[in-house]
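For the record, the sequence lines run as chains L and U. Quick note on the numbering used here: the first sequence kicks off at 17 and runs consecutively. Quick note on the numbering used here: the second sequence kicks off at 3 and runs consecutively.
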Amino acid sequence: SQLAEENLWALSVHEGESVTVNCSYKTSITALQWYRQKSGEGPAQLILIRSNEREKRNGRLRATLDTSSQSSSLSITATRCEDTAVYFCATDQGGRALIFGTGTTVSVSP
Amino acid sequence: EAAVTQSPRNKVAVTGGKVTLSCNQTNNHNNMYWYRQDTGHGLRLIHYSYGAGSTEKGDIPDGYKASRPSQENFSLILELATPSQTSVYFCASGAAGGDTEVFFGKGTRLTVV
Numbered sequence: 017s018q019l020a021e022e023n024l025w026a027l028s029v030h031e032g033e034s035v036t037v038n039c040s041y042k043t044s045i046t047a048l049q050w051y052r053q054k055s056g057e058g059p060a061q062l063i064l065i066r067s068n069e070r071e072k073r074n075g076r077l078r079a080t081l082d083t084s085s086q087s088s089s090l091s092i093t094a095t096r097c098e099d100t101a102v103y104f105c106a107t108d109q110g111g112r113a114l115i116f117g118t119g120t121t122v123s124v125s126p
Numbered sequence: 003e004a005a006v007t008q009s010p011r012n013k014v015a016v017t018g019g020k021v022t023l024s025c026n027q028t029n030n031h032n033n034m035y036w037y038r039q040d041t042g043h044g045l046r047l048i049h050y051s052y053g054a055g056s057t058e059k060g061d062i063p064d065g066y067k068a069s070r071p072s073q074e075n076f077s078l079i080l081e082l083a084t085p086s087q088t089s090v091y092f093c094a095s096g097a098a099g100g101d102t103e104v105f106f107g108k109g110t111r112l113t114v115v
């Protein structure tokens, strides 16, 4: 079973719009990470948010974490075509290893 | 810039044959990981290592072995390849601790025929 799951398979938006990807997880965590994977590449980290943090920002990206509901969201504002990618959330299994969700494909069209 | 290099980038193997996927990192990271990526399953953890000489089973270790002969190198071995192991494999490295960034290689596309 997945220890971290994004809630939707795919989202489509137009350039300039905002998009939010949601994630739920099943165990206690020390941190939750968001990764982006562009076609033909390996995933790359976007944001790391620790369990004692509620929000983290990185430019146009904003991640939130709600440990009571075991959920997180990643919002991208003013989207660009180059934001088209698969977005994963990932959590540590009590520090053992990083476990990834199944990913949400975000498509940004002109 | 963290660097993780995988080889080969593409591989076609015969059912029942032995396949070795190699990974090298120049980040001096203690932890290294092997994941496979299939449509609908995301990235699934096969094996990981905390340092030279150590290997640990991930969530889907059956049919795979791993070897960590040095800090820099981590291999994934398929002793008897099967078509169900056709996938894209990613190696990654990270500092100790599950709450640190993990750096990925570009992936190896393996096709077992």
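C-beta atoms are modelled at their ideal positions from N, C-alpha and C, and glycine is treated no differently. Source: prediction; values computed, not measured.
The continuous beta strand (DSSP E) containing R78/L extends over residues L77 to D82. At a cut-off of 8 Å between beta-carbon atoms, Q86/L makes no contact with chain U.
Beta-bridge partners of S77/U (DSSP): S69/U. Listed as beta-bridge partners of T121/L by DSSP are A26/L and V102/L.
Beta-bridge pairing by DSSP links S91/L to T36/L and R78/L. Taking a Cβ-Cβ cut-off of 7 Å, V21/U has no neighbours in chain L, whose nearest Cβ is about 20 Å from it.
The Cβ atoms of V29/L and L90/L lie no closer than 8 Å to each other. Between T120/L and G42/U a beta carbon distance of about 12 Å is seen, past the 8 Å cut, so the two are scored as non-contacting. Non-local C-beta neighbours of P10/U in its own chain, meaning closer than 7 Å and more than five positions away in sequence, comprise T110, ordered along the chain. Within the same chain, Cβ atoms closer than 7 Å to the Cβ of N30/U are found at Q73, the five residues on either side in sequence being excluded.
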